[in-house]
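Student: 5 is the number of the first residue of the sequence shown in this note's numbering; add one for each residue after it.
Even for Gly, the Cβ is constructed at its ideal location relative to N, Cα and C.
Below is a structure I'd like to ask you about.
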Amino acid sequence: VLFRSERLRADGVPVDDGHSENWLDEAAINRVEQLLGGLPADRPRLLLVVQGTDCRRFWNADRWVALMRWLVEMRGCELFFCGGRADASLRAQLREAAGPEVAAHLHDHSADLSLGEAGALVARMNLCVSVDTGLVHLAASFHVPVVVLVGPTDPNQWSPRSEEHTSELQSRVDISYAV
Numbered sequence: 005v006l007f008r009s010e011r012l013r014a015d016g017v018p019v020d021d022g023h024s025e026n027w028l029d030e031a032a033i034n035r036v037e038q039l040l041g042g043l044p045a046d047r048p049r050l051l052l053v054v055q056g057t058d059c060r061r062f063w064n065a066d067r068w069v070a071l072m073r074w075l076v077e078m079r080g081c082e083l084f085f086c087g088g089r090a091d092a093s094l095r096a097q098l099r100e101a102a103g104p105e106v107a108a109h110l111h112d113h114s115a116d117l118s119l120g121e122a123g124a125l126v127a128r129m130n131l132c133v134s135v136d137t138g139l140v141h142l143a144a145s146f147h148v149p150v151v152v153l154v155g156p157t158d159p160n161q162w163s164p165r166s167e168e169h170t171s172e173l174q175s176r177v178d179i180s181y182a183v
């Protein structure tokens, strides 16, 4: 399987994988540093983007909950939600279903951050697990390792550009063993 950039290179088209088009302003960086300041620095920070606009790319809520529990209980992670108004109820449902022990390590700043601040938050993550949506592409552009849950869509067409930091899981395959 060839990634987009590999196909472009094979056709003789030059590709610059090392150039990020993202800039973070100091105010956004400072705001995120304030949010992260009270959290343990030794715990891995993972961004979870649980819903996008394409329902074909959704992942089962039970799987999200299982993953969240495993990440907190077995891997000692701090989890961060980031999303839009449309997925606020799903994020609340997942928080409740995960239980209080996991919820204590789950931070949702979706309603509090501007787009620039969300970018600054994404850039500070150790990993992003996401349905295929804009934030996962933003994470990859900051060289944050990503796991993309692409659903039945073509990962070769829609995967983030930063291929060395990207893994995709398609929903046609039973990935319940990943958690």
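For R79, count neighbouring Cβ atoms within 10 angstroms of its own Cβ and tell me buried if that reaches 16, exposed if not.
Tutor: Along the sequence shown, one-based indexing puts residue 79 at 75. It is exposed - the Cβ of R79 has fewer than 16 other Cβ atoms within 10 Å.
Student: Which residues in the same chain as M3 place their Cβ atom closer than 6 Å to its Cβ, once the five residues preceding and following it in sequence are excluded?
Tutor: Residue 3 lies beyond the stretch modelled for the chain, which goes from 5 to 183, so this question has no answer here.
Student: Using C-beta distances below 6 Å, list every residue in its chain close to L125, excluding the 5 sequence neighbours before and after it, in chain order.
Tutor: On the sequence shown, position 121 is the one that residue 125 refers to. The answer, listed in chain order, is V36.
Student: What are the start and end residues of the alpha helix (DSSP H) that includes S114?
Tutor: Within the sequence shown, residue 114 is the residue found at index 110, counting from 1. It is not in any alpha helix (DSSP H) - S114 carries neither H nor E in the DSSP assignment.
Student: Kindly list the residues whose CB is nearer than 7 Å to the CB of L75, restricted to its own chain and excluding five residues on each side of it in sequence; keep chain order.
Tutor: Your numbering for residue 75 matches position 71 in the sequence shown. Cβ neighbours of L75 beyond the five flanking positions: L50, C81, L83.
Student: Leaving out the 5 sequence neighbours to the left and right, which residues in its chain are closer than 7 Å to L43 when beta-carbon positions are compared?
Tutor: Working through the sequence shown from its first residue, we reach residue 43 at position 39. The residues are E82.
Student: Could you check where the alpha helix (DSSP H) with V54 kicks off and where it finishes?
Tutor: Taking the sequence shown and counting its residues from 1, one reaches residue 54 at position 50. Note, V54: premise wrong, no alpha helix (DSSP H); not H, not E.
Student: Quick test of your reading: V135 and G56, contact by CB under 8 Å. State the CB separation rounded to the nearest angstrom.
Tutor: As a working mapping, residue 135 is identified with position 131 in the sequence shown. As a working mapping, residue 56 is identified with position 52 in the sequence shown. Right, the Cβ-Cβ distance comes to about 5 Å (below 8 Å), so this counts as a contact.
Student: How many Å lie between R99 and A65 at the Cα?
Tutor: Here residue 99 refers to the residue found at position 95 when the sequence shown is read from its first residue. Here residue 65 refers to the residue found at position 61 when the sequence shown is read from its first residue. Rounded to the nearest angstrom, the two C-alpha atoms are 11 Å apart.
Student: So L28 is in the alpha helix (DSSP H); what residue range does that whole segment cover?
Tutor: As a position in the sequence shown, residue 28 is number 24, starting the count at 1. Run containing L28: none; DSSP gives neither H nor E here.
Student: Is it buried or exposed for W27, if we count other Cβ within 10 angstroms and need 16 for buried?
Tutor: Here residue 27 refers to the residue found at position 23 of the sequence shown. Exposed is the call here.
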